[in-house]
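**Q**
Numbering (this note's numbering), first residue to last: 481 to 811.
#1: Quick one: give me the first and last residue of the alpha helix (DSSP H) that residue 489 is part of.
#2: Under 6 Å Cβ to Cβ from residue 562, same chain only, skipping five residues before and after it: list those, please.
#3: Which residue comes first and which comes last in the alpha helix (DSSP H) that contains residue 797?
#4: Leaving out five residues on either side along the sequence, give the residues of the same chain with a beta carbon under 7 Å from the beta carbon of residue 783.
#5: With three or more C-beta pairs closer than 8 Å as the rule, is the segment 482-491 touching the segment 545-559?
#6: Per DSSP, residue 547 forms a beta bridge with which residues?
#7: Exposed or buried, which one is residue 546 when buried takes at least 16 other CB atoms within 10 Å?
#8: Check residue 708 in the structure and name its three-state DSSP category.
#9: Terminal residues of the continuous alpha helix (DSSP H) containing residue 697?
#10: Is the segment 757-765 touching the segment 645-656, taking contact as three or more C-beta pairs under 8 Å?
#11: How long is the line joining the alpha carbons of residue 687 and residue 772, rounded to whole angstroms?
#12: With a floor of 3 residues, list each beta strand (DSSP E) that falls wholly inside the segment 574-614, ordered by position along the chain.
#13: How about residue 815 and residue 700: do their beta carbons lie closer than 8 Å?
#14: Tell me whether residue 604 is buried or exposed, calling it buried when 16 or more other Cβ atoms sit within 10 Å of its Cβ.
#15: Which term fits residue 615, buried or exposed, when burial requires 16 or more other beta carbons within 10 angstroms of its beta carbon?
#16: Tell whether a beta-carbon distance below 8 Å holds between residue 797 and residue 658.
#17: Between which two residues does the alpha helix (DSSP H) holding residue 740 run?
Here you go:
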């Protein structure tokens with residue numbers, strides 16, 4: 481069983497901890513938070529026994545072999561470096577890192593420390609419905625483009641409107657729409673169609689100088705893919721992948737809860753299942769498969785595939801930020 485340490489005690493951490501427990505392949509042991517009281521409060525209710533408010537002491541611990549990082553985006557890089565230095569496997573919430581320099585440095589460290597593995601928690605591409613979409617795309621005669629939409633109003637935008645600066649809406653912590661819901665849409669596009677030839681981003685900036693919502697265009701040799709994402713409004717638009725007379729229709733690009741194939745005769749077929757329960761269980765199982773037996777040929781192949789995908793998404797996100805003139809302090 482994988483021994484798990486976690487950084488961050490927010491709602492996404494709780495969801496992952498519950499997903500990990502559901503797989504019966506992880507045991508939560510250690511919790512780090514900026515205050516010991518928060519670490520204990522979160523950890524005790526989830527069965528952890530070790531609590532830390534000192535990051536160096538946390539990583540020196542031999543009680544866990546895998547760390548789940550769900551801290552603010554700008555902290556991922558330094559924490560992942562510490563994890564690799566201490567021989568820990570890493571599951572890091574998306575986006576893994578904020579620029580290509582950080583990703584390159586992590587690749588170098590992973591090469592020097594081959595026992596450590598890095599997995600980016602972009603849950604949508606690990607779901608059964610995403611696999612159904614990928615299979616249907618491969619069966620279509622011709623792809624002529626796609627539009628992926630994921631917009632959900634963040635309750636923390638209310639704080640921005642009240643004059644506050646929550647972490648997820650600050651440049652300091654690499655916040656904003658692209659670095660959150662936009663990551664899901666980028667993963668959809670790149671996992672399905674590969675790397676684009678060119679990208680452009682048109683952000684809508686808010687008072688904290690980050691993008692509250694935006695539209696990105698990924699240009700491929702024969703078609704374009706449009707990404708629509710935001711945290712300051714709600715969208716109920718479907719996401720679509722266009723064939724000739726046939727189309728895949730998806731409820732939204734992040735959850736993928738309803739997936740239909742409309743064929744050239746107008747017949748509609750449900751090609752995915754309506755998921756039930758915790759949406760992070762599939763990725764938790766995929767990650768456990770690799771970390772339990774990293775040298776197994778299939779696991780090694782999947783790890784290299786997912787790491788390569790993470791590297792490509794990092795590059796596209798960075799290029800989109802450059803296009804949209806969105807810069808972070810670490811750039």
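Even for Gly, the Cβ is constructed at its ideal location relative to N, Cα and C.
**A** Inspection of the coordinates gives the following:
#1: That residue, residue 489, is in no alpha helix (DSSP H); it is neither H nor E in DSSP.
#2: Closer than 6 Å at Cβ, skipping near neighbours: 539.
#3: 777-803
#4: 597, 770, 774
#5: With the cut-off at 8 Å, the segment 545-559 and the segment 482-491 touch.
#6: Note: residue 547 sits in a beta bridge opposite 485, 570.
#7: buried
#8: Note: residue 708 maps to strand in three-state DSSP.
#9: Residue 697 -> not in any alpha helix (DSSP H); beta strand (DSSP E) instead, spanning 691-699.
#10: The segment 757-765, when compared against the segment 645-656, does not touch it at the 8 Å Cβ threshold.
#11: 46 Å
#12: 598-601
#13: Residue coverage of the chain in this structure runs from 481 to 811, which leaves residue 815 outside it and unanswerable.
#14: buried
#15: exposed
#16: Cβ distance < 8 Å, so residue 797 and residue 658 count as in contact.
#17: Not the alpha helix (DSSP H): residue 740 falls in the beta strand (DSSP E), residues 739-742.
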